[in-house]
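In terms of my numbering, the sequence shown is residues 6 to 314. Think of the CB as a built atom: it goes at the ideal place given N, C-alpha and C, for glycine as much as any other residue. Only one structure is covered here, and it is reproduced in the block below.
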Amino acid sequence: MAMILINPWRDVTPWVKALKEERPDLDLRVYPDDSNKDEVEFALVWNHPMGVFKEYPNLKCISSMGAGVDHVLKDPELPESAQVTRVTDEHLTRDMADFTIALIMNHLRGLSFYKVREASQEWKPKSYLRISDVRVGVMGVGVLGAHVASRLFKMGFQVNGWASSEKNIEGVKVFAGKNTLDSFLSQSDILVCLLPLTKETENILNKENFKKLPQNAFIINVARGGHLVEDDLIEMIDSGYLSGASLDVFREEPLPKEHPFWSHSKINVTPHIASVTDPLSVVPLILENYDRARNNKTLLNVVSRQKGY
């Protein structure tokens with residue numbers, strides 16, 4: 006059974022090396038340099054060209070190379086016969102928590118404020134926030150979000166979560182369902198978005214919801230750029246209602262040079278580096294699913310097309 010690796014926008018050499026070192030006899034092809042497409046039954050992908058799966062009529066599994074699957078599910082010609090899976094990995098989970106905590110602490114101690122003034126040699130101390138001063142709301146408490154929320158609670162933060170269904174996380178109050186969103190937002194001095202990107206969650210970071218946050222709330226988006234209405238964020242920061250934002254994901258990546266986020270003094274930009282998949286770490290899981298697909302066994306981490314995660 007052949008595997009096709011489809012990620013035409015990046016150098017996939019580390020993935021090929023990791024897969025072949027773990028399984029030297031693996032029949033691995035790299036798009037677009039493949040042949041005998043009928044032999045391909047397993048696709049490992051990230052930001053594939055839309056419609057490309059039509060070229061492989063016998064696909065059993067389409068595996069995302071990372072935790073996100075919106076790039077797969079948005080393909081209108083996604084084959085019904087293939088199951089979609091995603092990667093879960095303890096390194097990805099820890100990295101996301103570490104990065105999110107760093108952004109929160111940066112906000113509390115005003116480090117970005119001082120960085121802006123460093124260039125002009127402006128000595129301007131300002132007051133700062135303590136962990137006990139703020140309530141953190143984590144939107145989306147799946148594998149990544151639950152770990153982030155748990156780590157924050159152990160640090161002493163007041164933490165709430167919001168999810169589509171009931172969740173049990175020690176020390177964290179989880180608001181479940183759409184009818185609890187307003188109450189959740191009203192108690193979020195720092196709002197962290199870790200939601201999957203679905204039809205229901207697209208544009209959820211908008212002016213209407215920002216107004217439900219406490220005055221001077223801070224926004225952190227480490228999920229997907231499609232969650233954020235960019236103009237609404239700028240408007241709410243410039244009006245003084247929001248104190249600022251840290252953004253790691255964007256609707257267009259790389260972020261265009263002319264984009265107003267780059268020059269905004271209260272918006273921190275990072276290039277989608279919160280949690281980066283390590284091929285060496287996740288290849289064993291991918292090959293486990295490859296073997297399961299080859300032997301017609303139940304796959305791990307199967308995604309619901311209806312739910313979008």
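Residue i beta carbon near the ligand GTP (any heavy atom closer than 8 Å)
i, result
"Thr282", "The model depicted lacks the ligand GTP and carries no ligand whatsoever."
Contacts around residue i, its chain only, beta-carbon distance under 8 Å, and the 5 residues preceding and following it disregarded
i, result
"Asp187", "Lys217"
"Arg34", "Ala7, Met8, Ile9, Leu10, Ser40, Val45"
"Ile209", "Met144, Cys198, Leu200, His232"
"Thr303", "Arg297"
"Arg256", "Gly230, Gly231, Leu233, Glu235"
"Pro37", "Pro13"
"Glu258", "Gly230, Pro276, His277"
"Glu82", "Met55, Gly56, Phe58, Lys59"
"Phe223", "His112, Asp194, Ile195, Leu196, Leu247, Ser248, Gly249, Ala250, Ser251"
Identity of the residues DSSP links to residue i by a beta bridge
i, result
"Pro68", "Before going further, note that residue 68 is Ser rather than Pro in the sequence given. For Ser68, which the question treats as bridged, DSSP gives the partners Leu49, Thr90."
"Gly166", "Val143, Val179"
"Arg34", "Ile9"
"Gly249", "Phe223"
"Glu273", "Note on identity: in this sequence residue 273 is Asn, with Glu being the wrong assignment. Answer is Ser251."
"Ile174", "Val177"
Exposure of residue i, with buried meaning 16 or more beta-carbon neighbours within 10 Å
i, result
"Pro29", "exposed"
"Tyr133", "exposed"
"Met241", "buried"
"Leu116", "exposed"
"Gly176", "exposed"
"Pro267", "Inspection of the sequence shows that residue 267 is occupied by Trp rather than by Pro. By the 10 Å Cβ count, Trp267 comes out exposed."
"Ile278", "exposed"
"Arg135", "exposed"
"Met110", "exposed"
"Tyr91", "Looking at the sequence itself, residue 91 is Arg, so the reference to Tyr does not match. Buried, since its Cβ has 16 or more Cβ neighbours within 10 Å."
"Met160", "exposed"
"Asn301", "exposed"
"Gln126", "exposed"
"Asn221", "exposed"
"Trp14", "exposed"
"Thr203", "buried"
"Val121", "exposed"
"Thr282", "buried"
"Gln311", "exposed"
"Ser193", "buried"
"Ala124", "exposed"
"Trp20", "buried"
"Ser170", "exposed"
"Asn165", "buried"
"Asp253", "buried"
"Gly182", "exposed"
"Val307", "exposed"
"Asn184", "exposed"
"Ser280", "buried"
"Asn173", "exposed"
"Gly249", "buried"
"Gly142", "buried"
Sequence-distant residues of its chain with Cβ nearer than 6 Å to residue i (five each side left out)
i, result
"Ala298", "Phe47, Lys65, Cys66"
"Asp32", "Ala7"
"Leu76", "Looking at the sequence shown, residue 76 is not Leu but His. So the qualifying residues of the chain are Asn52."
"Trp167", "Met144, Phe180, Phe189"
"Leu285", "Ala23"
"Asn273", "Ser117, Ser251"
"Asp80", "Met55"
"Gln163", "Arg140"
"Leu260", "none"
"Phe158", "Val164, Gly176, Val177"
"Lys271", "Ile242, Gly249"
7 Å CB neighbourhood of residue i in its chain, flanking five on each side removed
i, result
"Leu149", "Ala72, Thr98, Met101, Leu199"
"Asp43", "Pro62, Asn63"
"Arg156", "Ala102, Ile106"
"Val17", "Leu10, Val35"
"Pro84", "Phe58, Leu64"
"Val287", "Val92, Asp94"
"Val146", "Ala154, Gly166, Ala168, Lys172, Ile174, Val179"
"Pro265", "Ile239"
"Met70", "Asn12, Leu49, Val50, Trp51, Val92, Thr282"
- Query: Should the segment 66-84 be called in touch with the segment 43-53, which here means at least 3 C-beta pairs below 8 Å?
  - Reply: yes
> Where in the segment 276-314 do unbroken runs of the alpha helix (DSSP H), each at least 4 residues long, occur, reported from the N-terminal end onward?
Replying inline: 284-299
Which parts of the segment 186-245 are runs of the beta strand (DSSP E), unbroken and 3 residues or longer, counting only runs that do not cross its ends?
195-198, 222-226
- Whole beta strand (DSSP E) runs in the segment 79-126 with 3 or more residues, listed along the chain? 88-90
- Is the segment 285-293 close to the segment 103-115, with three or more CB pairs under 8 Å? no
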